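Residue numbers (my numbering): 8 to 155.
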């Protein structure tokens with residue numbers, strides 16, 4: 008069955024694809040409407056007071072700081088960056104044209120709230136963070152798996 012007429016470019020529209028007849032399409036269309044309503048209710052933006060006295064949209068948790076695509080600094084966007092423009096294709100962390108960020112020799116900045124990446128766990132690495140209870144829990148799991 009061809010689904011046409013929905014002006015939706017999100018992944019939600021894929022809910023309708025398995026329909027083989029009109030009855031199934033109606034059932035899936037109800038699910039589609041529920042998904043759209045859930046998404047719109049979870050993306051609500053509330054104004055927050057800014058330093059200039061105006062309001063700006065409040066971002067979701069974890070996205071409250073702007074990130075510059077030029078210098079990777081926080082608190083501004085690349086259009087307002089005062090540093091020289093980074094060459095296209097250069098390293099996002101240090102600006103070198105010799106490599107990309109994946110191969111950058113400069114260590115990534117760490118903060119106290121950061122947890123280890125999945126790749127670090129696969130390699131057996133842990134993050135040096137005394138407040139990171141995740142490492143302790145994973146260590147206990149690894150010990151219990153080996154003893155059983």
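Idealized CB from N, CA, C, for every residue including glycine.
These numbers were taken from a predicted model, which means no experiment stands behind them.
Problem set entry | Exposed unless 16 or more other CB atoms sit within 10 angstroms - verdict on residue 87 | The residue labelled residue 87 in the question sits at position 80 within the chain shown. The residue in question, residue 87, is exposed, as its Cβ has fewer than 16 Cβ neighbours within 10 Å.
For this session: Using a threshold of 7 Å, state whether the C-beta atoms of residue 108 and residue 100 are closer than that.
Result: The residue labelled residue 108 in the question sits at position 101 within the chain shown. The residue labelled residue 100 in the question sits at position 93 within the chain shown. Going by C-beta atoms, residue 108 is nearer than 7 Å to residue 100.
For this session: Could you pull out every residue in the same chain whose Cβ sits closer than 7 Å to the Cβ of residue 92, ignoring the five residues on either side in sequence?
Result: For the purposes of this step, residue 92 is taken as the residue at position 85 of the chain shown. Counting only Cβ-Cβ distances below 7 Å, and skipping sequence neighbours, we find 77.
For this session: Would you identify the three-state DSSP class for residue 27, choosing helix, strand or coil?
Result: Your numbering for residue 27 matches position 20 in the chain shown. The answer is coil: DSSP assigns residue 27 none of H, G, I, E or B.
Problem set entry | 8 Å contact criterion, which residue 84 and residue 75 should meet: CB distance rounded | On the chain shown, position 77 is the one that residue 84 refers to. On the chain shown, position 68 is the one that residue 75 refers to. Confirmed, Cβ separation roughly 6 Å.
Problem set entry | Three-state secondary structure assigned by DSSP to residue 46 | Working through the chain shown from its first residue, we reach residue 46 at position 39. DSSP places residue 46 in helix when its eight states are reduced to three.
Exercise. Alpha carbon to alpha carbon, how far is residue 72 from residue 18?
Worked result: Taking the first residue of the chain shown as 1, we reach residue 72 at position 65. Taking the first residue of the chain shown as 1, we reach residue 18 at position 11. Approximately 27 Å, taken between the alpha carbons.
Exercise. Which one of 96, 95 and 102 has the shortest CA to CA distance from residue 79?
Worked result: Position 72 of the chain shown, counted from the start, is the residue given in the question as residue 79. Considering only alpha carbons, the answer is 102.
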